[in-house]
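Notes for the one structure printed next.
Chains as they are written, first to last, in our numbering: chain A, 4 to 326; chain B, 197 to 441.
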């Protein structure tokens with residue numbers, strides 16, 4: 004198990020230190036050569052913050068979280084959790100986590116499983132209290148193999164908070180949930196965060212990040228491409244694209260138009276990713292009145308991420324980036 | 197942390213899965229009565245100077261307990277597949293506590309097999325001095341250590357798809373070569389091979405039941421070396437097994 008030295012941050016006593024990721028990087032070998040899953044990221048999170056790690060699949064979110072938790076040794080850089088190494092923080096019972104993949108062990112009831120896991124920790128919450136907070140009382144006596152996907156996720160959340168951790172880490176927690184379960188889930192999460200807890204969650208849903216985080220760290224291609232309050236990130240990635248048929252304009256001319264973030268050409272078709280589509284459409288028609296077949300659409304999150312990345316390797320993005 | 201609570205639920209989990217008891221309990225008991233009941237009056241079985249009911253009581257106890265010990269591997273392989281092992285790695289549960297819970301659970305299952313086969317043996321006329329019983333059970337428990345480590349090692353090395361054949365085949369082969377089904381005699385290839393196998397010395401605990409004498413030095417060495425080597429193997433397998441399965 005890779006243990007990294009804590010980063011000595013001058014003037015910060017270990018008790019007040021939050022979460023620090025410094026120059027973190029990780030590559031994996033693959034049959035097609037090395038895959039750079041995380042390419043040097045720096046994040047500092049204060050105690051009590053709720054931070055969303057937002058990005059499309061393959062952005063490096065899960066790899067970052069695995070390194071944050073000490074499950075994966077970084078190739079470069081260091082992780083510090085409250086002034087400790089991940090292993091020290093985990094051993095002290097400061098960390099609770101819900102990993103992206105993971106099912107529940109069988110032949111125990113929900114209550115028994117929670118009791119068993121609580122027994123591992125030095126100062127856990129009461130099992131009844133956790134059952135109530137996660138709305139699991141009704142199924143507390145049910146065997147784990149008889150739960151639905153959404154119920155299983157709620158039990159996994161309960162397991163993550165039963166230790167009463169200072170840091171709660173959730174990796175795409177709502178994947179198997181329906182709309183109502185999601186709603187309930189985030190309510191439970193916010194109630195837990197309100198106790199002054201630090202929460203880091205990964206998601207590829209912009210709305211989840213927007214509604215549940217104080218701050219959004221946007222990742223793509225293993226890098227951080229934006230870091231700020233949800234409203235700011237939403238404005239940036241909630242962009243629109245303009246598609247048009249236009250033969251006599253170069254991508255660089257188009258990209259220079261007001262309101263256009265980036266431009267691309269496929270034969271006669273051009274695609275403009277806009278920071279302000281109202282401004283962009285006016286500028287486009289003014290400069291290139293011959294543009295026709297115009298469509299304006301809300302960009303998919305994935306497209307918006309790609310447009311924002313301005314990645315030097317973007318000509319040949321590696322589709323096989325590990326989760 | 198409260199180790200006892202953790203171990204209690206670890207055991208509860210194992211004991212609720214009745215499938216595991218078929219090979220470690222039902223199967224040996226059934227075979228014991230099938231083989232030994234018709235021949236319960238054979239006093240010197242195949243020149244071993246041991247009565248047939250005693251020989252097979254220990255033989256089938258060794259088979260059932262070996263299976264119980266190695267079945268830890270099946271549970272571990274399935275826990276790994278569920279992602280549970282990774283989940284445990286982000287708790288303060290120490291490697292030592294993890295192994296201890298697995299070991300105690302496996303020994304509790306073996307203990308049940310020992311008790312039931314002892315009762316079955318008594319019903320077919322096996323009668324030993326109390327001190328001999330204690331010495332014999334003590335040696336069986338010691339001889340099971342290598343199998344406990346083997347189960348943990350296999351569980352962390354082999355995926356859930358192939359763990360069944362690996363543990364079942366391994367236990368059957370070791371039982372066969374150790375003399376569970378018939379005595380290996382006192383010379384020849386099988387006898388020579390048996391001398392270096394932990395399953396042979398497990399079965400040889402029967403002699404202790406009769407005479408009160410423990411193993412010769414060779415038995416202690418064989419069991420000790422296997423236990424040490426397989427424990428290191430189990431630790432190595434556990435440490436390298438950090439990947440998402």
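Using N, Cα and C, we set each Cβ at its ideal position, and we do this for glycine too.
Values in this document were obtained by computation on a predicted structure and should not be read as measured data.
Is it true that the region 90-103 of chain A meets the region 134-142 of chain A, where meeting means three or more beta-carbon pairs spaced less than 8 Å apart?
no
Kindly indicate if chain B contains any beta-carbon less than 7 Å away from that of residue 142(A).
Residue mapping note: residue 142(A) aligns to position 139 of the first chain, counting from 1. No, residue 142(A) lies away from the interface with chain B (no Cβ there is under 7 Å from its Cβ).
Can you say whether residue 127(A) is buried or exposed, counting buried as having 16 or more other CB atoms within 10 angstroms of its CB?
Position 124 of the first chain, counted from the first residue, corresponds to residue 127(A). Buried.
Selection of the region 77-98 of chain A by Cβ proximity to chain B, strictly under 9 Å:
89, 93, 94, 95, 96 and 98
Rounded straight-line distance, which links the Cα of residue 196(A) to that of residue 24(A)
Residue 24(A) sits at position 21 when you count from the first residue of the first chain. Residue 196(A) sits at position 193 when you count from the first residue of the first chain. So the two alpha carbons sit approximately 21 Å from each other.
DSSP three-state label for residue 299(A), please.
Position 296 of the first chain, counted from the start, is the residue given in the question as residue 299(A). In the structure shown, residue 299(A) sits in a strand (DSSP, three-state: E or B).
8 Å contact criterion, which residue 216(B) and residue 258(B) should meet: CB distance rounded
Counted from its first residue, the second chain places residue 216(B) at position 20. Counted from its first residue, the second chain places residue 258(B) at position 62. Rounded, the Cβ-Cβ distance is 17 Å, inconsistent with contact.
Other residues of its chain near residue 339(B): CB distance less than 7 Å, five sequence neighbours each side excluded:
By one-based count along the second chain, residue 339(B) stands at place 143. Answer for residue 339(B): 394, 397, 398, 401 and 419, listed in chain order.
CA nearest to the CA of residue 201(A), picked from 103(A), 190(A) and 169(A)
The sequence position of residue 201(A) within the first chain is 198, counting from 1. Checking every option, the nearest Cα to that of residue 201(A) belongs to 169(A).
Is the region 246-262 of chain B touching the region 319-338 of chain B, taking contact as three or more C-beta pairs under 8 Å?
yes
Can you pull out the residues from the region 339-363 of chain B whose beta carbon lies closer than 8 Å to at least one beta carbon of chain A?
none
If the criterion is Cβ atoms closer than 7 Å, does the pair residue 232(B) and residue 248(B) meet it?
Position 36 of the second chain, counted from the start, is the residue given in the question as residue 232(B). Position 52 of the second chain, counted from the start, is the residue given in the question as residue 248(B). It is a contact, given that the beta carbons lie within the stated cut-off.
Boundaries of the beta strand (DSSP E) in which residue 3(A) is found, first to last residue
Given a span of 4 to 326 for chain A in the structure shown, any question on residue 3(A) remains unanswerable.
Express the C-alpha separation of residue 272(B) and residue 179(A) in angstroms, rounding to a whole number.
In the first chain, the residue the question calls residue 179(A) occupies position 176. In the second chain, the residue the question calls residue 272(B) occupies position 76. Rounded to the nearest angstrom, the two C-alpha atoms are 25 Å apart.
Closest Cα partner of residue 223(B) within the set 213(B), 260(B) and 201(B)
As a first step, residue 223(B) is located in the second chain; it is residue number 27 there, counting from the start. It is 260(B) whose Cα lies nearest to the Cα of residue 223(B).
Thinking C-alpha only, which one of 104(A), 32(A) and 22(A) is nearest residue 71(A)?
On the first chain, position 68 is the one that residue 71(A) refers to. The shortest Cα separation from residue 71(A) among 104(A), 32(A) and 22(A) belongs to 22(A).
At 9 Å on the CB atoms, spell out the chain A contacts of residue 208(B), in chain order.
For this step, residue 208(B) is matched to residue 12 along the second chain. Result: 110, 111, 115 and 119.
Which residue comes first and which comes last in the alpha helix (DSSP H) that contains residue 268(B)?
Reading the second chain from its first residue, position 72 is the one you call residue 268(B). Counting along the chain, the alpha helix (DSSP H) containing residue 268(B) begins and ends at 248-278.
Closer than 7 Å, CB to CB, is residue 58(A) near chain C or not?
Within the model displayed, chain C is absent; protein chains A and B are what it includes.
Given a limit of 7 Å on CB to CB distance, which residues of the region 275-300 of chain B reach chain A?
275, 278, 279, 280, 282, 283, 285, 286, 287, 288 and 289
Would a check of beta-carbon distances place residue 336(B) closer than 7 Å to chain A?
By one-based count along the second chain, residue 336(B) stands at place 140. Not closer than 7 Å to any Cβ of chain A, the Cβ of residue 336(B) fails to qualify, so no.
What is the DSSP secondary structure of residue 29(A), reduced to helix, strand or coil?
Translated into positions along the first chain, residue 29(A) becomes position 26. Strand.
For chain A, is any of its Cβ atoms less than 7 Å away from the one on residue 212(B)?
In the second chain, counting from the first residue as 1, residue 212(B) sits at position 16. Yes - at least one Cβ of chain A is within 7 Å of the one on residue 212(B).
Helix, strand or coil at residue 234(A) according to DSSP, with G and I counted as helix:
In the first chain, counting from the first residue as 1, residue 234(A) sits at position 231. The answer is helix: DSSP assigns residue 234(A) an H, G or I state.
Reduced DSSP category for residue 104(A) - H, G, I as helix; E, B as strand; rest coil:
Counting from one through the first chain, the residue named residue 104(A) turns up at place 101. Here residue 104(A) sits in coil by DSSP.
How about residue 198(B): is its C-beta nearer than 7 Å to some C-beta of chain A?
In the second chain, counting from the first residue as 1, residue 198(B) sits at position 2. With 7 Å as the cut-off, residue 198(B) counts as an interface residue toward chain A.
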